[in-house]
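Numbering (our numbering), first residue to last: 2 to 398. Glycine included, every Cβ here is placed at the ideal spot set by N, Cα and C.
Set out below in structure tokens:
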């Protein structure tokens, strides 16, 4: 079975075509700057070479049509006809309280995704555009929605409720939902396979850290808490998001700067985090280079970044009643050696420690804790597309 996985952002589309029978990636790439000047499609050929095709791409339907044209083309294609694609799996940002697992898309599912637009106004409309495009271009092909929030629907109410009037939860669904659920689900299961230990018996802390970042506490195979909240802005310091902040600070800034809700939302999401503190970049590689050059604000940004993660690990160890496995994944978690070291430093009271030699690695599945330590610290590269494809395959079977 060949499954196309689509991840439609507000101005981007990422895609991957997988042959589930052969367990191979047939095509992968993405479109950037949809609706903007300088749109382009970038994809990787089977030999590893990258190709960039520039062109005006004004909306998601055109972008998906472009992708489908490339994968069936004589020059760059891997299939002869769209009829070879058996199903399409979509990453959908927010499923609210309605969806606690992946589902086959029908009109009722679409209407419920629409109802969640208020909870994810930047992401759900783009996800829907991808679904509508496939309905038009490949009407006979079944589609599956895999929700970023679904994995965290197992959180108990004392973990997901905020200390606000309960009526606001009843009226607007204001509560913690969490994100990166597909990644946390994949790496937690994969870590236990890699370590050859039973998934349902472990206390796991999963750190998906990159430009966007979240931590999940997983006990007995289910999520019991996570750092992101009703929106992805809560929790850790991120590339451009502020993470945890006193709500009073936001209203104070609004009064002092004489700005409204949209402007403060933009500040918290786009101009804060590592970028806001350092004044340099949201790219951790650039921040590490500036830190090594002695830049004080870069040093501060990295200190805050690592400290927040360390603090959440401690909190989740308490929530879980201990920890058996600590996972690093995401762009930073998989590749930033120094940050992993800083995070784990001083956590030996939890039996969390890393072996510096083992830690000197990037992007590979490996154990980075000493052999004699009870808590296994591992790097597990995430693969959300594979998780989406597996869910799609399971539902269709």
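| task | In the DSSP assignment, find the beta strand (DSSP E) that holds residue 461 and state where it starts and stops. | result | In the structure as shown, the chain starts at 2 and stops at 398, and residue 461 therefore has no counterpart that could be examined.
| message | Going by beta-carbon coordinates alone, are residue 1 and residue 189 separated by less than 7 Å? | response | The structure shown does not extend to residue 1, since the chain spans only 2 to 398, so no value can be given for it.
| field | Spatial neighbours of residue 184 in its chain, beta-carbon cut-off 6 Å, leaving aside the 5 residues before and after | value | Same-chain partners within the cutoff: 209, 383 and 385.
| request: Alpha carbon to alpha carbon, how far is residue 71 from residue 5? Give it in angstroms, no decimals. | output: When rounded, the distance between both Cα atoms is 13 Å.
| Rounded separation between residue 87 and residue 142 - CA only | 6 Å
| Taking 7 Å as the CB-CB limit, is residue 63 close to chain B? | Considering every chain present, this structure includes no chain B. It has just one protein chain.
| query | Taking the beta strand (DSSP E) that residue 10 falls in, what are its first and last residues? | reply | From DSSP, residue 10 is part of no beta strand (DSSP E); its letter is neither H nor E.
| said: Tell me which residue opens and which closes the beta strand (DSSP E) that residue 92 is part of. | reply: 88-93
| query | Does DSSP put residue 193 in a helix, in a strand, or in coil? | reply | DSSP places residue 193 within a helical segment (H, G or I) once states are collapsed to three.
| task | Would you kindly check if the distance between the Cβ of residue 2 and the Cβ of residue 21 is under 7 Å? | result | Yes.
| Delimiting residues of the beta strand (DSSP E) encompassing residue 144 | 144-148
| Buried versus exposed, by CB contacts within 10 Å (16 or more), residue 346 | exposed
| task | Would you kindly report the start and end of the unbroken alpha helix (DSSP H) that includes residue 203? | result | It is not in any alpha helix (DSSP H) - residue 203 carries neither H nor E in the DSSP assignment.
| query | Taking DSSP as the reference, what is the three-state secondary structure of residue 163? | reply | coil
| contact_flag[the segment 279-295, the segment 244-260] where n(CB pairs < 8 Å) is 3 or more | no
| query | Mapping DSSP to helix, strand and coil, what is residue 327? | reply | strand
| query | By DSSP, does residue 238 sit in helix, in strand, or in coil? | reply | coil
| Which of helix, strand or coil DSSP assigns to residue 15 | strand
| 7 Å CB neighbourhood of residue 245 in its chain, flanking five on each side removed | The residues 235 and 236, in chain order, have a CB closer than 7 Å to that of residue 245 in the same chain once the five nearest residues on each side in sequence are set aside.
| request: Using alpha carbons as the reference points, say which of 36, 53, 39 and 40 lies closest to residue 29. | output: 53
| query | From the DSSP output, which residues share a beta bridge with residue 377? | reply | 326
| Run through DSSP, which three-state label would residue 343 get? | Collapsing the DSSP output to three states places residue 343 in a helix.
| said: Quick check on the DSSP output: the beta strand (DSSP E) that includes residue 215 runs from which residue to which? | reply: Segment 214-220, the beta strand (DSSP E) holding residue 215.
| If you draw a straight line from the alpha carbon of residue 44 to that of residue 95, how long is it in whole angstroms? | 27 Å
| query | Can you find a heavy atom of the ligand GTP that lies under 6 Å from the Cβ of residue 319? | reply | What this structure holds is no ligand at all, so the ligand GTP is not there to describe.
| request: Note down the Cα distance separating residue 119 from residue 361, rounded to an integer number of angstroms. | output: The alpha-carbon of residue 119 is positioned some 43 Å away from that of residue 361.
| For residue 27, does the three-state DSSP call read helix, strand or coil? | strand
| request: Measure the alpha-carbon distance for residue 181 versus residue 283 and round it to whole angstroms. | output: Annotation: residue 181 to residue 283 spans about 19 Å, alpha carbon to alpha carbon.
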